[in-house]
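Peer 1: Numbering (this note's numbering), first residue to last: 218 to 493. Would you mind keeping the following structure in view while I ask a few things?
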């Protein structure tokens, strides 16, 4: 899967430590090249090897700062409001030092150490999302699907719905649409459903399926939930740019009609795909 493009906030769900590290290193390298402050919450500093000599220089100048996850937990006792205040202070200090932006990131072990209680961890993720409303603040959150409870992963994906990279699929909110790509299977349908529901609750009414290759029956049920949310607002859900194969599958699943418009991708006169 492609390396994440820098956005205000993003979530990586992975089952490969090497893949997760490559994503995080790419974000850190981009932020350092911009001149931003990078605050990396870590259990250890193994990830810094991926940055090469840049890491040493950034650590020396203070542009890259390691926020020890063990110490953070001791200082905050895993309470999300205390963690929020800690990050507010870190961001304020970075701005006082003249950095144009701040990137908050972590290895995938840090969240479980910072907030062992799943309820507090979800509240902490909401706080991180809130922090990205501040100019120049970006957040990258990483979760390992092999060790996290599925319901927690679903909930966290919904919190960070604007940009999620899962193992087989990804979603981005852009220009009032939810852009979906990849494969929605039975294992990840819950996370996809949480992202879609959160997006429509925030005013998104169109899901662009141009790059969706597989959609399971479990994944299709997420659209029904989204329709229910929009029906309360007297709005409809539009699924656009479905490939011919996907369009047929969705039709067989009886999607469309009340509360939902299903639009297939068409072909132009020159044989090229024409998008809605």
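Virtual Cβ for every residue (Gly too), placed ideally from N, Cα, C.
1. Whose C-beta lies closer than 8 Å to the C-beta of residue 421 among residues of the same chain, with five residues either side of it excluded?
2. Which runs of the beta strand (DSSP E) at least 3 residues long sit entirely within the stretch 306-394? Give them in chain order.
3. Can you give me the C-alpha to C-alpha distance between residue 255 and residue 286, rounded to a whole angstrom?
4. Just how far apart, CA to CA, sit residue 318 and residue 352?
5. What's the call for residue 229, buried or exposed, on a 16-neighbour Cβ count within 10 Å?
6. Cα separation between residue 234 and residue 271?
7. In angstroms with no decimal places, state the Cα-to-Cα distance between residue 377 and residue 388.
8. Mind the definition here: the stretch 321-335 touches the stretch 278-292 only if three or more C-beta pairs lie below 8 Å; say whether that holds.
9. Any idea what DSSP makes of residue 277, helix, strand or coil?
10. With a Cβ-Cβ cutoff of 8 Å, do residue 371 and residue 411 count as a contact?
11. Assuming residue 406 and residue 433 are in contact, meaning their beta carbons sit under 8 Å apart, how far apart are those beta carbons, in whole angstroms?
12. Using the beta-carbon count (16 or more within 10 Å), is residue 237 buried or exposed?
13. What are the start and end residues of the beta strand (DSSP E) that includes residue 227?
14. Residue 313: which of 346, 345, 279 and 297 sits nearest, CA to CA?
15. Can you have a look at residue 471 and say buried or exposed, based on whether 16 or more other CB atoms are within 10 angstroms of its CB?
16. Residue 397 and residue 418: beta carbons closer than 8 Å?
17. Let me know if residue 469 comes out buried or exposed under the rule of 16 or more other beta-carbons within 10 Å of its beta-carbon.
18. Could you have a look at residue 443 and say whether DSSP puts it in helix, strand or coil?
19. So, for residue 307: in the same chain, excluding its five sequence neighbours on each side, which residues have a beta-carbon less than 6 Å away from its beta-carbon?
20. Rounded to the nearest angstrom, what separates residue 467 and residue 297 at their Cα positions?
21. To the nearest angstrom, report how far apart residue 315 and residue 252 are at their CA atoms.
22. What are the start and end residues of the beta strand (DSSP E) that includes residue 428?
23. Below 8 Å between beta carbons: does that hold for residue 443 and residue 408?
24. Quick one, which of 340, 250 and 282 has its alpha-carbon nearest residue 321's?
25. How about residue 448 and residue 476: do their beta carbons lie closer than 8 Å?
26. At what residues does the beta strand (DSSP E) containing residue 238 begin and finish?
Peer 2: Straight from the coordinates:
1. 390, 393, 394 and 395
2. 319-323, 354-361, 380-382 and 386-391
3. 15 Å
4. 8 Å
5. buried
6. 22 Å
7. 10 Å
8. yes
9. helix
10. yes
11. 6 Å
12. buried
13. 226-231
14. 279
15. exposed
16. no
17. exposed
18. helix
19. 256
20. 41 Å
21. 10 Å
22. 423-432
23. no
24. 282
25. yes
26. Note, residue 238: premise wrong, no beta strand (DSSP E); alpha helix (DSSP H) at 234-251.
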